[in-house]
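Numbering (mature numbering (1 follows the signal peptide of the UniProt record, and there is no 0)), first residue to last: -19 to -1, 1 to 130.
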């Protein structure tokens, strides 16, 4: 009886030492890579919808990138004033526009060539980078860096 138990333990230990542990690889999406590459810590932690413009061919037909966003983000509405300035509203509140994390006037978002944009991040609601500019959310536009375009 002792020999059988000893043999069983020996076989069990041999099987356990031969077993390989496979860990699932954490896959990082393209949007997460762009978020890591372009965003500073203040904008990186803010949850939002990210659009990758490096491979986006449909945006090239638009002269205004904010008009391209119309209908692609829930709660985002784009209004155009009589002077031609496009204003982004997120949940009926005026959103702040950031270009490379610098706050700019809304008119500047309309003159950026879509071919020069790397990604756009739409942040709904208040976050740390928008504290001085209101709680209407933000449209963060990141341009390509010199070595990328």
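We put the CB at the ideal spot given by N, CA and C, even for glycine. Computed from a prediction, not measured in an experiment: that's the story for all the values here.
Item	Value
Applying the criterion that 16 or more other CB atoms from any shown protein chain within 10 Å of the CB defines a buried residue, is residue 55 buried or exposed?	exposed
So what does DSSP say about residue 9, is it helix, strand or coil?	coil
Take residue 72 and list the residues in its own chain whose beta-carbon comes closer than 8 Å to its own, dropping the five residues that flank it on each side.	56, 105, 106, 117, 118
From residue 52 to residue 128, what does the alpha carbon distance come to, in whole angstroms?	32 Å
I think residue 101 touches residue 34, with their Cβ atoms under 8 Å apart; what is that distance to the nearest whole Å?	7 Å
What separation, rounded to the nearest whole angstrom, lies between the Cα atoms of residue -15 and residue 16?	57 Å
Could you check the C-alpha separation between residue 65 and residue 7 for me, to the nearest Å?	45 Å
At which residues does the beta strand (DSSP E) containing residue 78 begin and terminate?	77 to 80
Going by alpha carbons, who is nearest to residue 96 out of 123, 27, 23?	123
DSSP three-state call for residue 70: helix, strand or coil?	strand
Starting from residue 102, trace the alpha helix (DSSP H) both ways and give me its first and last residue.	Counting along the chain, residue 102 falls outside any alpha helix (DSSP H), though it belongs to the beta strand (DSSP E) covering 98 to 104.
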